[in-house]
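Enquirer: Here the numbering used here runs 1 ahead of the position in the sequence shown, where the first position is 1.
Glycine residues also receive a C-beta, built at the ideal position from the N, C-alpha and C atoms.
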Amino acid sequence: MVSASLSWLVTQLRPFFDLIVPAFVVGFFLVALVAIALSDDRTVRNSYLAGFFALLVVVNLFAPVTPAPVIKWHKFSEVRGTEKTEYVFRVVDADGAELTYDDEATLNTGSVAPSYVRLKMQNEFTPAQNAETAQWLLDRAAVHRERVTNPSPTRFLYFPRHAMADTWTRETVADYSEFTGLRLYRVDMTFAEDGTEVTSYTETLVYEYYEDRGTTVEIASVDDAVDPVETAAVRSPAIVPGGAFS
Numbered sequence: 002m003v004s005a006s007l008s009w010l011v012t013q014l015r016p017f018f019d020l021i022v023p024a025f026v027v028g029f030f031l032v033a034l035v036a037i038a039l040s041d042d043r044t045v046r047n048s049y050l051a052g053f054f055a056l057l058v059v060v061n062l063f064a065p066v067t068p069a070p071v072i073k074w075h076k077f078s079e080v081r082g083t084e085k086t087e088y089v090f091r092v093v094d095a096d097g098a099e100l101t102y103d104d105e106a107t108l109n110t111g112s113v114a115p116s117y118v119r120l121k122m123q124n125e126f127t128p129a130q131n132a133e134t135a136q137w138l139l140d141r142a143a144v145h146r147e148r149v150t151n152p153s154p155t156r157f158l159y160f161p162r163h164a165m166a167d168t169w170t171r172e173t174v175a176d177y178s179e180f181t182g183l184r185l186y187r188v189d190m191t192f193a194e195d196g197t198e199v200t201s202y203t204e205t206l207v208y209e210y211y212e213d214r215g216t217t218v219e220i221a222s223v224d225d226a227v228d229p230v231e232t233a234a235v236r237s238p239a240i241v242p243g244g245a246f247s
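1) Counting along the chain, where does the alpha helix (DSSP H) carrying Y117 start and finish?
2) Mapping the DSSP letters down to three states, classify D189 as helix, strand or coil.
3) Please return the same chain residues whose Cβ sits closer than 8 Å to the Cβ of P16, not counting the five positions on each side in sequence.
4) Between which two residues does the beta strand (DSSP E) harbouring L206 extend?
5) Could you give the distance in angstroms between the alpha-carbon of T86 and the alpha-carbon of T203?
6) Express the C-alpha separation of P152 and P115 in angstroms, rounding to a whole number.
7) Could you tell me which residues DSSP puts in a beta bridge with Y88?
8) Residues in its own chain within less than 8 Å of F126 by CB, not counting five upstream and five downstream?
9) Does the stretch 49-59 touch the stretch 128-148, meaning 3 or more C-beta pairs lie closer than 8 Å?
10) If you follow the beta strand (DSSP E) that L39 is part of, which residue opens it and which one closes it?
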C-alpha cells in the first residue's frame, strides 16, 4: 500500500521534477548552513541531527526517488529477483556492426546520463525531438571516439568515471568504421535462483535512427516494440549492457 501510494505521488510530481530536484538540493545545503551557524543552540543541533537521520531512513526504506545529494546514501544492497530488464544504446557503423554506447560520451557533457536521455525519449519527447536527440548522441559518440583515439594530455584532470560500465578504448573502436546509426534495445534477462547463471536473454529493438534515413523504428511502449531476438546466455562484454553480469 505504501509503495503504491509513493508511486502514485511520484507520477503526480514528475512534471515538476525540474523544479523540485534543484529546490531540494539547495534547501538541503541551506538547512545545513543554518544548522552550522546556530550549532551552539542545543535545540537546533538536535533537530538537525534528528532530521538528518530521519532522511537517511526514508532514503533507505521508502523513497522511490533519491535526488542529490542523498542519491548514494543507500546502506544496504538491493535484493533482486530472478528477472531483470535493462535498456542499452548501441551505435551502428557504416558496415552495420554494433558497439555498446560508452556512457562517458554524454557524461563528459554536462553529466547527462544515457539512461536519463532514454527516459526522456520514451516518456516526453516527440518523434522529431527523438530524432534530434539520437543525432546528438551520435555526434557525442564521434567526439568521444576521437578523444579515445587521440587522448589529450589533460585527460587526467577529468573527474573519474561514474560507474563500472562498457568503456571504449583505442583498440575497441579501431575495428569500426564511421558511426552512422543508433539503436536502443530493451534487454530482458532471467537468472537462476542462485544468481550464478543467465537462463534466458532476450533483446527487443525499441528505437533505431540513421543519419541518412532518419528514424526507421520509432520508440514505443514495450508492448509495441519489435524484433525480439533470443540470444545465448553468454555474450561478449562489448555487447552485454554494462553491469549485467558484474
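Expert: Short version:
1) If you look at Y117, you'll find it in the alpha helix (DSSP H) that goes P115 to N124.
2) Here D189 sits in strand by DSSP.
3) So the list is empty, once near-sequence residues are dropped.
4) For L206, the enclosing beta strand (DSSP E) begins and ends at V199 to Y211.
5) Answer to the nearest angstrom: the Cα atoms are 10 Å apart.
6) Cα-Cα distance, rounded: 22 Å.
7) Bridge partners of Y88: R187.
8) So the list reads T134, once near-sequence residues are dropped.
9) Touching, no.
10) Counting along the chain, L39 falls outside any beta strand (DSSP E), and DSSP gives it neither H nor E.
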